[in-house]
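Student: In order, the protein sequence lines correspond to chains X and V.
Counted the way the numbering used here counts, the first sequence spans residues 2 to 162.
Counted the way the numbering used here counts, the second sequence spans residues 2 to 150.
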Amino acid sequence: MLDNLDKRIIAVMQGEFPLVAEPYKELAQRIGITEHQLLEKLTEYRKAGKLRKMGVVLRHREVGYAANALCAWLVPEARLTEIGELMSTYTVVTHCYSRIPQPEWPYNFYTMLHAHTRAECQALADELAQVTGLDNYQLLFSTREWKKTSMSYFPEYAKGE
Amino acid sequence: MLTDFDKELLNLIQTRLPLEPRPFAIVAKWLEVDETTVIERLSWLKDHGYIRRFGAFFDSAYLGYVSTLAAAKVHPEKMADVAEAVNAYAGVTHNYERDGEYNLWFTLLTANQLEQDQILAVIANLPGVERLISLPAIEKYKVSVAFNL
Chain X
2 MLDNLDKRII
12 AVMQGEFPLV
22 AEPYKELAQR
32 IGITEHQLLE
42 KLTEYRKAGK
52 LRKMGVVLRH
62 REVGYAANAL
72 CAWLVPEARL
82 TEIGELMSTY
92 TVVTHCYSRI
102 PQPEWPYNFY
112 TMLHAHTRAE
122 CQALADELAQ
132 VTGLDNYQLL
142 FSTREWKKTS
152 MSYFPEYAKG
162 E
Chain V
2 MLTDFDKELL
12 NLIQTRLPLE
22 PRPFAIVAKW
32 LEVDETTVIE
42 RLSWLKDHGY
52 IRRFGAFFDS
62 AYLGYVSTLA
72 AAKVHPEKMA
82 DVAEAVNAYA
92 GVTHNYERDG
102 EYNLWFTLLT
112 ANQLEQDQIL
122 AVIANLPGVE
132 RLISLPAIEK
142 YKVSVAFNL
């Protein structure tokens, strides 16, 4: 369970990461703990899987990955784990989920594909289809980005900054 | 334009920002440059829009949040109104118009299931929304946006 301090740490860590020599010291000051305590907590979250990564997320269009497609697959239930593990090994597949389908939309497996062009996305999907033997899929190209942001967890705990 | 050094730096730092008092000094050592060069270059990359977000990325499910991927069939004339109404929710982090029968796809994160149900019910009833389906995840196999530059 997360206590109030955890929530405060997580909320403050959603804010601007200072690009200075000792960023954690500055973040710890915002939270009201020591740098050592903050690093210990973050290490603990990472071990527990709560912290997925420390790093950066790039704007994919700006770094040359202009095409993105959500690919919806129909996967026999017995093959979900095998397919999930196989598709995860591809660098071009950035997200990979099995999902509960709907009667009018039977696709139960989703991969996010990023590539430089639409043709490249299509070729990747074809390759994945061939490797897995899955032939029922829909490649859903994005035509407009209406919103892309990061979640602000526990915003009420970020106050006082 | 990204230089070869930028690409090397971004490839490293996408997933490997050290949890140490001087993280940029460690990255600098890997790249055989000094700490100031790393900090200055990262600031430049951030200011010029190559970096969307810097720092800690948490797992929503481990934090107790509930998530889903929703898809809507939206009348093209109402698309902008619907997309903006969907965007207004803080828990909607991705909202994309896509080719196909279901033409608006968004992710929704909420503190609990009730809140998710309520938001989806409101969206399903917006003028121009013909049908809304929710596709909650069963298993996450991969969530890692790291590009090879």
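The beta carbon of each residue, even a glycine, is placed where N, CA and C say it ideally should be.
For clarity, every value in this text was computed on a predicted model and none was experimentally measured.
#1: Can you pull the chain X residues whose beta carbon is under 7 Å from the beta carbon of D100 (chain V), in chain order?
#2: Using a Cβ cut-off of 9 Å, pull out every chain X residue sitting near V130 (chain V), in sequence order please.
#3: Flag this pair as touching only if the stretch 144-156 of chain X and the stretch 6-25 of chain V have three or more C-beta atom pairs under 8 Å; answer yes or no.
#4: With R42 (chain V) as the anchor, note down where its alpha helix (DSSP H) starts and where it stops.
#5: Take the Cβ of F18 (chain X) as the centre, count every other Cβ of all protein chains shown within 10 Å, and call the residue buried at 16 or more, exposed below.
#6: Among X:H117, X:R60, X:E45, whose alpha-carbon lies nearest the alpha-carbon of K54 (chain X)?
#7: What whole-angstrom Cβ distance do L176 (chain X) and R53 (chain V) have, given they're in contact under 8 Å?
#8: Is any beta-carbon of chain X found at less than 8 Å from that of P77 (chain V)?
#9: Within 8 Å (strictly less), CB to CB, does H115 (chain X) reach chain V?
#10: Output, in chain order, the set of chain X residues within a Cβ distance shorter than 7 Å of V93 (chain V).
#11: Using a cut-off of 9 Å between C-beta atoms, extract the partners of V144 (chain V) located in chain X.
#12: Name, please, each residue of chain V whose Cβ falls closer than 9 Å to the Cβ of R60 (chain X).
#13: Roughly how many angstroms lie between the CA atoms of Y98 (chain X) and E83 (chain X), to the nearest whole one?
#14: Please report the residue range of the beta strand (DSSP E) in which E27 (chain X) lies.
#15: Since A73 (chain X) and Q139 (chain X) should fall inside the 8 Å C-beta cutoff, what is the C-beta to C-beta distance between them, to a whole number of angstroms?
#16: How about A57 (chain V) and L3 (chain X): do their beta carbons lie closer than 8 Å?
#17: Assign T112 (chain X) to one of three DSSP states: helix, strand, or coil.
#18: Do we get a CB-CB distance below 8 Å when we pair T4 (chain V) with the residues of chain X?
#19: Please name the residue in X:V57, X:L87, X:A29, X:K42 whose C-alpha comes closest to that of G134 (chain X).
#20: How would you list, in chain order, the residues of chain V whose beta-carbon sits under 9 Å from the beta-carbon of I11 (chain X)?
#21: Thinking H117 (chain X) and A68 (chain X) are a contact (beta carbons under 8 Å), I'd like their distance in whole angstroms, please.
#22: Alpha helix (DSSP H) containing V132 (chain X): first to last residue?
#23: Does E121 (chain X) come within less than 8 Å of chain V when only Cβ atoms are used?
#24: Find the residues of chain X that neighbour A72 (chain V), judging by a C-beta separation of less than 8 Å, and give them in chain order.
#25: What are the residues in the stretch 104-117 of chain V lying within 7 Å of chain X by C-beta distance?
#26: Tell me, which residues are paired with S99 (chain X) by DSSP?
#27: Taking only three categories from DSSP, how would you classify A91 (chain V)?
#28: If you measure from the beta carbon of I40 (chain V) to each beta carbon in chain X, is any gap under 8 Å?
#29: Under the assumption that L133 (chain V) contacts A71 (chain V) (Cβ atoms under 8 Å), give the Cβ distance between them as a whole number of angstroms.
#30: List the whole-angstrom C-beta distance separating E36 (chain V) from F25 (chain V), where the pair is believed to meet the contact cut-off of C-beta under 8 Å.
#31: What's the C-alpha gap between L121 (chain V) and V130 (chain V)?
#32: Name the DSSP bridge partner or partners of S68 (chain V)?
Tutor: In short, the structure shows the following:
#1: The count along the second sequence starts at 1 and reaches residue 100 (chain V) at position 99. Neighbours of D100 (chain V) on chain X, chain order: L141, F142, T144.
#2: For this step, residue 130 (chain V) is matched to residue 129 along the second sequence. Result: empty, since nearest Cβ-Cβ is about 14 Å, beyond 9 Å.
#3: no
#4: The residue given as residue 42 (chain V) occupies position 41 in the second sequence. R42 (chain V) -> alpha helix (DSSP H) spans 36-48.
#5: Walking along the first sequence from the start, residue 18 (chain X) turns up at place 17. With 16 or more other Cβ atoms within 10 Å, it is buried.
#6: Reading the first sequence from its first residue, position 53 is the one you call residue 54 (chain X). Ranking the options by Cα distance to K54 (chain X), first place goes to X:E45.
#7: The structure shown does not extend to residue 176 (chain X), since chain X spans only 2 to 162, so no value can be given for it.
#8: Numbered from 1 along the second sequence, position 76 holds the residue referred to as residue 77 (chain V). No, no contact with chain X.
#9: Position 114 of the first sequence holds residue 115 (chain X). True, the Cβ-Cβ gap to chain V drops below 8 Å.
#10: Here residue 93 (chain V) refers to the residue found at position 92 of the second sequence. Here the neighbours are K148.
#11: Locating residue 144 (chain V) in the second sequence gives position 143, counting from the first residue. What V144 (chain V) touches in chain X: R53, T95, H96, C97, Y98.
#12: Residue 60 (chain X) sits at position 59 when you count from the first residue of the first sequence. Near R60 (chain X) (Cβ distances below 9 Å), the residues of chain V are G50, Y51, I52, R53.
#13: To locate residue 98 (chain X), count along the first sequence from 1; it is residue 97. To locate residue 83 (chain X), count along the first sequence from 1; it is residue 82. Taking the straight line joining both Cα atoms gives about 12 Å.
#14: On the first sequence, position 26 is the one that residue 27 (chain X) refers to. Run containing E27 (chain X): none in the beta strand (DSSP E); it sits in the alpha helix (DSSP H), 24-32.
#15: Indexing the first sequence from 1 puts residue 73 (chain X) at position 72. Indexing the first sequence from 1 puts residue 139 (chain X) at position 138. Confirmed, about 5 Å.
#16: Taking the second sequence and counting its residues from 1, one reaches residue 57 (chain V) at position 56. Taking the first sequence and counting its residues from 1, one reaches residue 3 (chain X) at position 2. Contact flag unset, no.
#17: Residue 112 (chain X) sits at position 111 when you count from the first residue of the first sequence. Reduced to three states, the DSSP call for T112 (chain X) is strand.
#18: Taking the first residue of the second sequence as 1, we reach residue 4 (chain V) at position 3. Not one chain X Cβ lies under 8 Å of T4 (chain V).
#19: In the first sequence, the residue the question calls residue 134 (chain X) occupies position 133. The option with the nearest alpha carbon to G134 (chain X) is X:L87.
#20: Walking along the first sequence from the start, residue 11 (chain X) turns up at place 10. Simply A57, F59, L64.
#21: For this step, residue 117 (chain X) is matched to residue 116 along the first sequence. For this step, residue 68 (chain X) is matched to residue 67 along the first sequence. H117 (chain X) to A68 (chain X), Cβ: 7 Å. Contact.
#22: Here residue 132 (chain X) refers to the residue found at position 131 of the first sequence. Looking at the DSSP string, the run of the alpha helix (DSSP H) that includes V132 (chain X) is 119-133.
#23: In the first sequence, residue 121 (chain X) corresponds to position 120, counting from 1. No, because no Cβ of chain V sits closer than 8 Å to the Cβ of E121 (chain X).
#24: Taking the first residue of the second sequence as position 1, residue 72 (chain V) is located at position 71. Per Cβ cutoff of 8 Å: W106.
#25: W106, L110
#26: Within the first sequence, residue 99 (chain X) is the residue found at index 98, counting from 1. Answer is X:F110, V:E140.
#27: One-based indexing of the second sequence puts residue 91 (chain V) at position 90. Correct three-state label for A91 (chain V): coil.
#28: Locating residue 40 (chain V) in the second sequence gives position 39, counting from the first residue. Judged by the 8 Å Cβ criterion, I40 (chain V) is in contact with chain X.
#29: Mapped onto the second sequence, residue 133 (chain V) falls at position 132. Mapped onto the second sequence, residue 71 (chain V) falls at position 70. Yes, L133 (chain V) and A71 (chain V) are in contact; Cβ-Cβ is about 6 Å, under 8 Å.
#30: On the second sequence, position 35 is the one that residue 36 (chain V) refers to. On the second sequence, position 24 is the one that residue 25 (chain V) refers to. Contact holds; Cβ gap of about 5 Å.
#31: Position 120 of the second sequence holds residue 121 (chain V). Position 129 of the second sequence holds residue 130 (chain V). Going by the C-alpha atoms only, they are around 11 Å apart.
#32: Residue mapping note: residue 68 (chain V) aligns to position 67 of the second sequence, counting from 1. Answer is V:L110.
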